[in-house]
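Student: Protein chains in written order, with my numbering: chain R, 189 to 590; chain X, 88 to 515.
Where a beta carbon is used, it is the ideal one built from N, C-alpha and C, also for glycine.
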């Protein structure tokens, strides 16, 4: 019999499985077609080009409610990516700091950070987002309290930053002598920002070349040339020149009417989401960093001490490079988790991909099937991109065993 | 010339003197652990400042807490302008946060279900207990369902009987044809559930009305709901995850690609989109007219979600096993399932315990997401309590209560996993 012959067993099982699998898929598709027909619906993505008709309260690119659902989806995607990047950055900073401090010899600090990690790890991230949102909306002064001769609340950092229950206002950079915008048909790019970013990138590149040259000289002669002032010059001067040429200035927020005007308005939802996701994920990152450093065998630090390296050099040259190899893969999977958790934005009314495409668009057009499929596909692509990057990194840093 | 005798020679031992005060006791400990350098001192001062800041802000608030009041405004009257917590809301609504809108006269049922759950879990968690208790653990899903939802007792009984039917079919056919027995063991219960049980249920219900009041799913809420979803998804996802991991490791190309596709898809999308699929789209995929309970749908989705993560964790455990173990199993002449059961899985699962427990904790925390599809978990109930005019504007007390519940639960799971790891540690 086919199943008892080891030559054919695997093929037989697979064919049976294939038939069952195909049957199940056919059954699902058939059901879907019947159900769609019963509802007088068809399967099409045309709604993406129809006018959206709803507003989005935070847009990184130009958007108004006459634009298409596809455009709204794109705005939502950018918002998702924005909060993901901010959250990952915050989680890394908080996590690395907390992980290092948990290993510190200071008893009190280590205990304090242990409490931080345990408390944040064991309480749902949704609750943290809501708590930070409540802090931002309930525990901060209203714009009214900034008014008057003896105000109950005052702005921070020399009247530059206002933290109010309507959001946080920070100064915005303005260019008096603008270069205009580059119209790319689908969206516009500010040439000023582009120029500044270009100058920064160029000066970093030049600095990298300078350091590489210093290393070459050191390898050849044994003496490393002094480079720090050249580095500072390279990194700072071009930027200052560029900013002066564009006549850049800061636009400070100020009380106007019932609310603050001017500056950049960071919504409470964005801040609560960033803080909630960042500090929650930071607790996990802290554990990853701690276990990564502890995983480097003691012999390594003892060998470094035997070579006469100071503790901080031991950390920088011996422990960290080896610990990073252990830390990075789980760290990236935490980034992945954080990115997926940005879909909790719904809880605080942040207009991310799920709230635009997966929320209002679906409700308005009644295209649940198409909308959810598109939504899942986009999240899937983001996840696969991140994990693809992780695999590339993993294979690059893998121990080259000979 | 005689050697000059030394002018002084000590003849008796001096008593041991106490160490200098700076090198002993609490002072030494503090010098070593808190002030052993300027960085350390700075850290201590900063930590003390943080602790002081938190205490200074929280302790008066907690100290002035009001436990007896009917509404937030009443609380504020009692506090009279002083900052203070209003835990009266917990006193007023704790039953909602724990049970949702479960009928109060039936509160004994979830409580009993929880106690029995602990009894059922005990033999699973602690191997010192008699193994015979495992029979109760196997029966618990039916007992738990009956206690929580109620209705006719015949429904869970007949459902449980399906497994008996499967076993019977296997016993009857096993001597003749082992393959047919396996198929029969799977097909017979399905036939029983689909065709024999429903008419039998009607008959029995009419003949012997045995049961307790039925409680609708939408009145179940609060922490009870989180527990139901969390625990059923956790217990269902472990076998699913193991099967998926085995599928992913298998040599069969097609089976492997399906498993990889499933795992990567589930891990690539947020749980919330899966939950929306459960609430919005499932009706598209099922035959017209079928509709089933939202809680059950959520349990299924959470199971699939956790199963994919468990599969990856178990795969890590499988990959960490030395090849020699697989080869030794082959050399002993064990077939695939015996080798898995007796040699591979016990070791692979032991390696994956921390990962599995992390997945469980993650899943349990993620049960709060059901608030987005309209189920009343603790977070959803905190919103609806705030919607009441009496408690409009109350945040921190509710968050503290809900957070504490989750913290206790998740923290104890993680401690248990550490205990388990230590216990299973066979190395030296």
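Whose CA, out of 369/R, 264/R, 290/R, lies closest to the CA of residue 245/R?
Tutor: By 1-based counting over the first chain, the position of residue 245/R is 57. Of the candidates 369/R, 264/R, 290/R, the one whose C-alpha sits nearest the C-alpha of residue 245/R is 264/R.
Student: For residue 451/R versus residue 360/R, is the C-beta distance shorter than 7 Å?
Tutor: Here residue 451/R refers to the residue found at position 263 when the first chain is read from its first residue. Here residue 360/R refers to the residue found at position 172 when the first chain is read from its first residue. Against a cut-off of 7 Å, the Cβ pair of residue 360/R and residue 451/R comes out as a contact.
Student: Could you spell out where the alpha helix (DSSP H) holding residue 285/R opens and where it closes?
Tutor: Here residue 285/R is taken as the residue at index 97 of the first chain, counted from 1. Element bounds for residue 285/R: 257-290.
Student: Hey, does residue 506/X have any beta-carbon neighbour from chain R nearer than 7 Å?
Tutor: What you label residue 506/X is simply residue 419 of the second chain in a count that begins at 1. Judged by the 7 Å Cβ criterion, residue 506/X is not in contact with chain R.
Student: Just to confirm my understanding: we take residue 237/X, look at its own chain, exclude 5 residues before and 5 after, and list those with CB closer than 8 Å. What are they?
Tutor: As a working mapping, residue 237/X is identified with position 150 in the second chain. Excluding positions up to five away in sequence, the list reads 193, 196, 298, 299, 300, 301, 302.
Student: If we ignore side chains and look at the alpha-carbon of each, how far apart do residue 281/X and residue 293/X end up?
Tutor: Position 194 of the second chain, counted from the start, is the residue given in the question as residue 281/X. Position 206 of the second chain, counted from the start, is the residue given in the question as residue 293/X. Whole-angstrom Cα-Cα distance: 20 Å.
Student: What does DSSP give as the partner residue(s) for residue 351/R in the beta ladder?
Tutor: As a first step, residue 351/R must be located in the first chain, where it is residue number 163. 356/R.
Student: Under 8 Å by Cβ, that's how I've got residue 234/X and residue 199/X pegged, so tell me the actual separation to the nearest angstrom.
Tutor: In the second chain, counting from the first residue as 1, residue 234/X sits at position 147. In the second chain, counting from the first residue as 1, residue 199/X sits at position 112. With 8 Å as the limit, residue 234/X and residue 199/X qualify as a contact, their Cβ atoms being about 6 Å apart.
Student: Using a Cβ-Cβ cut-off of 7 Å (strictly less than) and excluding sequence neighbours within five positions of residue 542/R, which residues of its own chain qualify?
Tutor: Here residue 542/R is taken as the residue at index 354 of the first chain, counted from 1. If we look at residue 542/R and ignore the five residues flanking it on each side, its Cβ neighbours are 531, 533, 534, 563.
Student: Is residue 484/R helix, strand or coil when you go by DSSP?
Tutor: If you number the first chain from 1, residue 484/R lands on position 296. The answer is coil: DSSP assigns residue 484/R none of H, G, I, E or B.
Student: Which of the three DSSP states is assigned to residue 96/X in this structure?
Tutor: Looking up residue 96/X in the second chain gives position 9. DSSP places residue 96/X in coil when its eight states are reduced to three.
Student: Within 10 angstroms of its Cβ, does residue 393/X collect 16 or more other Cβ (buried), or is it exposed?
Tutor: As a first step, residue 393/X must be located in the second chain, where it is residue number 306. Residue 393/X is buried by the Cβ-count criterion.
Student: Measuring CB atoms only, is the region 95-103 of chain X touching the region 381-399 of chain X, in the sense that at least three cross pairs come out at less than 8 Å?
Tutor: No, the region 95-103 of chain X does not touch the region 381-399 of chain X.
Student: Could you name the residues of chain R that residue 490/X contacts, counting a contact when the two beta carbons are closer than 7 Å?
Tutor: Residue numbering aside, residue 490/X sits at position 403 when the second chain is read from its first letter. 311, 315, listed in chain order.
Student: Does chain R have any CB closer than 7 Å to the CB of residue 373/X?
Tutor: As a position in the second chain, residue 373/X is number 286, starting the count at 1. Yes, residue 373/X counts as interfacial toward chain R.
Student: DSSP state of residue 449/R, grouped into three classes?
Tutor: Position 261 of the first chain, counted from the first residue, corresponds to residue 449/R. It is a strand residue.
Student: Can you give me the C-alpha to C-alpha distance between residue 538/R and residue 309/R, rounded to a whole angstrom?
Tutor: Here the question's residue 538/R lines up with position 350 in the first chain. Here the question's residue 309/R lines up with position 121 in the first chain. Going from the Cα of residue 538/R to the Cα of residue 309/R covers about 23 Å.
Student: Please report the residue range of the beta strand (DSSP E) in which residue 437/R lies.
Tutor: Position 249 of the first chain holds residue 437/R. First-last of the beta strand (DSSP E) with residue 437/R: 436-439.
Student: Excluding the five sequence neighbours on either side, which residues of its own chain have a C-beta within less than 8 Å of the C-beta of residue 209/X, listed in chain order?
Tutor: For the purposes of this step, residue 209/X is taken as residue 122 along the second chain, with counting starting at 1. Around residue 209/X: 216, 220.
Student: Counting only Cβ pairs nearer than 7 Å, list the residues of chain X close to residue 568/R.
Tutor: The sequence position of residue 568/R within the first chain is 380, counting from 1. By Cβ distance, chain X contributes 352, 355, 356.
Student: Is residue 334/R close to chain X, meaning its C-beta is less than 7 Å from at least one C-beta of that chain?
Tutor: Start at 1 with the first residue of the first chain, and residue 334/R comes out as number 146. False, the Cβ-Cβ gap to chain X never drops below 7 Å.
Student: Using the C-alpha atoms, what's the distance from residue 391/R back to residue 410/R?
Tutor: Here residue 410/R corresponds to residue number 222 of the first chain, with the count starting at 1. Here residue 391/R corresponds to residue number 203 of the first chain, with the count starting at 1. One C-alpha to the other measures close to 27 Å.
Student: If you run the structure through DSSP and keep just helix, strand and coil, what is residue 302/X?
Tutor: Position 215 of the second chain, counting from 1, holds the residue named residue 302/X. Looking at residue 302/X - three-state DSSP - the assignment turns out to be coil, as it is neither helix nor strand.
Student: State the DSSP-derived secondary structure class of residue 442/R, mapped to helix, strand or coil.
Tutor: Here residue 442/R refers to the residue found at position 254 when the first chain is read from its first residue. Three-state result, residue 442/R: strand.
Student: Alpha carbon to alpha carbon, how far is residue 260/X from residue 275/X?
Tutor: Locating residue 260/X in the second chain gives position 173, counting from the first residue. Locating residue 275/X in the second chain gives position 188, counting from the first residue. Taking the straight line joining both Cα atoms gives about 11 Å.
Student: Spatial neighbours of residue 329/X within its chain, please: C-beta separation below 6 Å, excluding the five flanking residues on both sides.
Tutor: Along the second chain, read from residue 1 onward, the residue named residue 329/X stands at position 242. Contacts found: 401.
Student: Looking at chain X, which residues of the region 201-218 of chain R have a Cβ within less than 8 Å of any of its Cβ atoms?
Tutor: Under the 8 Å Cβ criterion, the region 201-218 of chain R contributes 201, 202, 205, 206, 209, 216.
Student: I'd like to check one pair, residue 306/X with residue 189/X: are the Cβ atoms closer than 7 Å?
Tutor: Against the second chain, residue 189/X aligns to sequence position 102. Against the second chain, residue 306/X aligns to sequence position 219. Cβ atoms of residue 189/X and residue 306/X: closer than 7 Å.
Student: Using DSSP bridges, identify the partner residues of residue 376/R.
Tutor: For the purposes of this step, residue 376/R is taken as the residue at position 188 of the first chain. Answer is 371/R, bridged to residue 376/R.
Student: Could you compute how far the alpha carbon of residue 145/X sits from the alpha carbon of residue 351/R?
Tutor: Locating residue 145/X in the second chain gives position 58, counting from the first residue. Locating residue 351/R in the first chain gives position 163, counting from the first residue. If I take the Cα positions, the gap works out to 21 Å.
Student: Report buried or exposed for residue 491/X, applying the criterion of at least 16 other Cβ atoms within 10 angstroms of its Cβ.
Tutor: Residue mapping note: residue 491/X aligns to position 404 of the second chain, counting from 1. Burial call: exposed.
Student: Quick one: is residue 445/X near chain R, going by C-beta distance under 7 Å?
Tutor: In the second chain, the residue the question calls residue 445/X occupies position 358. Residue 445/X does not count as touching chain R.
Student: Less than 7 Å between C-beta atoms, sequence neighbours within five positions excluded: which residues of the same chain meet that for residue 548/R?
Tutor: The residue you call residue 548/R lines up with position 360 of the first chain. These residues qualify, in order along the chain: 242.
Student: Is the Cβ-Cβ distance between residue 408/X and residue 426/X less than 7 Å?
Tutor: Residue 408/X sits at position 321 when you count from the first residue of the second chain. Residue 426/X sits at position 339 when you count from the first residue of the second chain. Not closer than 7 Å, so no.
Student: Work out the CA separation of residue 113/X and residue 272/R for me, nearest whole Å.
Tutor: By one-based count along the first chain, residue 272/R stands at place 84. By one-based count along the second chain, residue 113/X stands at place 26. Residue 272/R and residue 113/X: Cα-Cα distance of roughly 47 Å.
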